Amino acid sequence: ETIEAAKKAAAIQAVAEHFDPSATHVGIGSGTTIVYVVEAIKDRSTNPQIRFVPTGYQSRQVIIQAGLTPIAFDSLPDNVMLDVAFDGADEVDEELNCIKGGGACLFQEKLVAERARKFVCVADYRKNQSRLLTNWPTIPIEVAPISVPNVLKSLQTIGSTNPKLRTTLLEKSGPLKTDQDFFIIDAPFPALLTSADVAAGKGKGDGTDGKWEVNRLSQVIKEITGVLEVGIFSGLNGVDAEALRVKEGSLRT
Ligand code: DER
3 ETIEAAKKAA
13 AIQAVAEHFD
23 PSATHVGIGS
33 GTTIVYVVEA
43 IKDRSTNPQI
53 RFVPTGYQSR
63 QVIIQAGLTP
73 IAFDSLPDNV
83 MLDVAFDGAD
93 EVDEELNCIK
103 GGGACLFQEK
113 LVAERARKFV
123 CVADYRKNQS
133 RLLTNWPTIP
143 IEVAPISVPN
153 VLKSLQTIGS
163 TNPKLRTTLL
173 EKSGPLKTDQ
183 DFFIIDAPFP
193 ALLTSADVAA
203 GKGKGDGTDG
213 KWEVNRLSQV
223 IKEITGVLEV
233 GIFSGLNGVD
243 AEALRVKEGS
253 LRT
């Protein structure tokens, strides 16, 4: 099965299971899989009042190109929670923790995911790993430009071998800028332990033995001065998270 077909199948299944046509506010993530999600929603959406919250410039373009109506995150009425947010991921582990940020939109993606009653991660089988950083090698981190040397040094002291500023030499000379006009650092780490791994004694998870548990590492990186957001989505603050994957035709949720 081709990867595009797997993305499309996961998107159609995710929308069939988690998009309720009576929804009024829906979060839309970034990347390529989300395009199939928006197409599937377009086919099922009948409520002209429904509004879609983008997670960045590309996400907003996908909404508009589908003929749907965007509303900016900071324009949402205070008391409004999104009925559901759909987004992709770069990798998903067995506890539905995600690596996100391959598309450099992780900050607004996390804002939107946390504002939703339910976060639905739509990912093809390549993303489906037992531990994060198995196939996708790095954690994307959004940082204030002036803080880059400080953050790179701090990441090395906590065990990242060769953290790098993300550049886009093909499209632009110099570092990539996010929708917030910040930079992205991609930090490699050994595969991240799940909380089940730590419970099973496979490591302390505090980096002292070279291995980090997902949540611990996310918190430690977040505390480095200059870091705006970390591309690890875990627990999603209690949001009911489900990941839909298409594994060569079979579906696992
Ligand atoms: O950047 C992100 O977190 C996106 O969700 C993205 O990585 C997913 O991209 P894809 O759907 O094109 O694989």
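First residue of the sequence shown: 3, per UniProt numbering; consecutive thereafter.
The beta-carbon is built from N, C-alpha and C at its ideal position, and this holds for glycine as well.
Quick caveat: nothing in here was measured; it's all calculated off a predicted structure.
Cβ-based neighbour list, Val216, same chain, cut-off 8 Å, excluding 5 preceding and 5 following = For Val216, where only same-chain residues beyond five positions count, the Cβ hits under 8 Å are Asp95, Glu97, Asn99, Leu134, Leu194, Leu195, Thr196, Ser197, Ile234, Ser236.
Using CA coordinates, which residue listed in Cys107, Ser162, Ala125 is at the minimum distance from Lys179?
-> When only C-alpha atoms are compared, the closest one is Cys107.
Does the distance from the CB of Glu173 to the CB of Lys129 come in under 8 Å?
-> Note that the C-beta distance between Glu173 and Lys129 is not below 8 Å.
Tell me whether Gln51 is buried or exposed, calling it buried when 16 or more other Cβ atoms sit within 10 Å of its Cβ.
-> Flag for Gln51 reads exposed.
Could you work out which residue in Ala201, Asn49, Phe191 is closest to Ser220 when comparing CA atoms only?
-> Sorting Ala201, Asn49, Phe191 by C-alpha distance to the C-alpha of Ser220 places Phe191 at the top.
Mind checking whether the beta-carbon of Glu111 lies closer than 7 Å to any heavy atom of the ligand DER?
-> Yes, the Cβ of Glu111 comes within 7 Å of a heavy atom of the ligand DER.
Alpha carbon of Thr170 to alpha carbon of Pro177, nearest angstrom | Whole-angstrom Cα-Cα distance: 6 Å.
Could you spell out the range, first to last residue, of the beta strand (DSSP E) harbouring Ala146?
-> For Ala146, there is no enclosing beta strand (DSSP E), as DSSP marks it with neither H nor E.
Report yes or no: is there a C-beta of chain C within less than 8 Å of the C-beta of Phe21?
-> You won't find chain C in this structure, because it holds only one protein chain.
Are Phe75 and Leu113 touching if we call contact CB-CB under 8 Å?
-> Judged by beta-carbon spacing, Leu113 lies within the 8 Å limit of Phe75, meaning their Cβ atoms are closer than that value.
Buried or exposed for Ile65, please, with buried defined as at least 16 other CB atoms from any protein chain shown within 10 angstroms of its CB.
-> Burial call: buried.
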